[in-house]
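For the sequence shown, the numbering used here gives the first residue as 605, with consecutive numbering after it. Worksheet: the structure to be examined is printed underneath.
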Amino acid sequence: MGIIRALVLAWAGTAAALFPAPAIAADAATRLPEAAPVPADAAPAWTFTAEPYFWMAGMKGRVGVRGLSPVDIDVDFGQIFDHIDWSPPPVMFAGEARNGRYALFTDFIYLGLEADGTSSGPLGLSAEADMNTVVWTFGGSYRVVDNGTATLDVLAGGRLWYLDTDLTVTGPLATNEASGSKTWIDPILGVAGDVALGNGFGLHGEADVGGFGLGADLDWQVLGTLQYRYSNSVTLEAGYRYLAVDYDDDGFVFDIAMQGPIIGARFRF
């Protein structure tokens, strides 16, 4: 009986020692992930922004295709709705993918425009230009300043232009027509920055220059907007944009300045 009693007491003690152990281990396993520190060198998360916008861009300058002398056109942004070709409608969209100080950006514009003008020369004949224009800006940037109130990025990339132009010049004796299209890419360098004003308001600015004779002789733009952060994921903005390009190759001329008010809504994901 002494041996049996000893065995029972030994079994009971062993069970008492073993059975709580899984519960303690399970409880520890539940708490550890919550208490585990985040590595200091953890990579920043990607963030994305998408911005549909509308640019009421007037157009002024010279347009020409092979077979006809360049014509002078002048469409003020206040008249833009009367000159836009709405079929297909304009498309304007910008976006950014950011990871810490590094970002990729894109800005796409499609605009069909019909404009009246005059041909160069002593007679000043009446002319009409029907233009379908694609402007696609793309590239990468690096944030050199970020102090909590202001940011400054330096950027490099390219701007692709596609133009499909029909010109009609009407004279006293005849009407001459010519058509042509061109595609080229201009390298660009620039800066972009933001300044917080408080109460959800801020300023945004961009400037770039390119071409350098590799595509256009000169290709540059400036943009300034006032922003309002409606929520953490939505920012509204309105401002003014100026974009100019001077391209001349084999009879195709596009020496144009586009400028006007711009409005948009930026969505952050």
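Note that beta-carbon positions come from the ideal geometry of N, C-alpha and C, so glycine has one too.
Coil, strand or helix - Gly-682 by DSSP: It is helical.
Contact under 8 Å by Cβ, Tyr-844 with Ile-866: Ile-866 is positioned such that its CB atom lies closer than 8 Å to that of Tyr-844.
beta-carbon Phe-652 near the ligand PLP non-hydrogen atom, thresh 7 Å: In the structure shown, the ligand PLP is absent, as is every other ligand, since no ligand is present at all.
Distance between Glu-718 and Ala-778 (C-alpha atoms, nearest Å): Cα-Cα distance, rounded: 21 Å.
Member of Gly-704, Val-738, Asp-680 and Ala-698 whose CA lies at the smallest distance from the CA of Pro-858: The amino acid occupying residue 858 in the given sequence is Phe; Pro does not appear at that position. Ranked by Cα distance from Phe-858, the first of Gly-704, Val-738, Asp-680 and Ala-698 is Val-738.
Residues that DSSP places opposite Ser-723 in a beta bridge: Looking at the DSSP assignment, Ser-723 forms a beta bridge with Val-675.
Alpha carbon of Arg-870 to alpha carbon of Pro-776, nearest angstrom: Our two residues, Arg-870 and Pro-776, have alpha carbons roughly 51 Å apart in a direct line.
Best match in Leu-715, Ala-698 and Gly-716 for proximity to Phe-877 [C-alpha to C-alpha]: Nothing in the structure corresponds to residue 877, since the chain is present only between 605 and 873.
Proximity to Ala-820 [Cα-Cα], best of Val-849, Asp-678 and Thr-769: The option with the nearest alpha carbon to Ala-820 is Val-849.
Beta-carbon gap between Ile-684 and Gly-864 smaller than 8 Å: The Cβ atoms of Ile-684 and Gly-864 lie closer than 8 Å to each other.
Inter-residue spacing [alpha-carbon to alpha-carbon] between Asp-812 and Gly-671: Approximately 33 Å between the Cα atoms of the pair.
The stretch 729 to 736 contacting the stretch 754 to 763, beta-carbon criterion three pairs below 8 Å: The stretch 729 to 736 and the stretch 754 to 763 do not touch, with fewer than 3 CB-CB distances between them shorter than 8 Å.
Cβ neighbours of Thr-722 in the same chain (closer than 7 Å, five flanking residues each side left out): Same-chain partners within the cutoff: Val-675, Asp-676, Gly-728, Leu-729, Ser-730 and Ala-731.
Beta-carbon separation (whole angstroms), Gly-743 vs Ile-792, contact threshold 8 Å: In this structure Gly-743 touches Ile-792 by the C-beta definition: roughly 7 Å separates them, less than 8 Å.
Extent of the continuous beta strand (DSSP E) to which Ile-789 belongs: Ile-789 -> beta strand (DSSP E) spans 779 to 802.
Inter-residue spacing [alpha-carbon to alpha-carbon] between Phe-855 and Tyr-766: According to the sequence shown, residue 855 is Gly rather than Phe. Roughly 16 Å between the two C-alpha positions.
Residues of its chain near Tyr-651, where Cβ-Cβ distance is below 6 Å and the 5 sequence neighbours each way are ignored: Checking the sequence, you will find Thr at residue 651 rather than Tyr. Close CB contacts of Thr-651 within its chain, under the 6 Å cut and outside five residues either way in sequence, are with Arg-702 (chain order).
Spatial distance of Val-749 from Glu-700 (CA atoms): Between Val-749 and Glu-700, the C-alpha separation is close to 18 Å.
Expected contact under 8 Å - CB spacing of Leu-818 and Asp-790 to nearest Å: Correct: roughly 7 Å between the Cβ atoms.
CB-CB length for Leu-840 against Phe-805, believed under 8 Å: About 10 Å separates the two Cβ atoms, so there is no contact after all.
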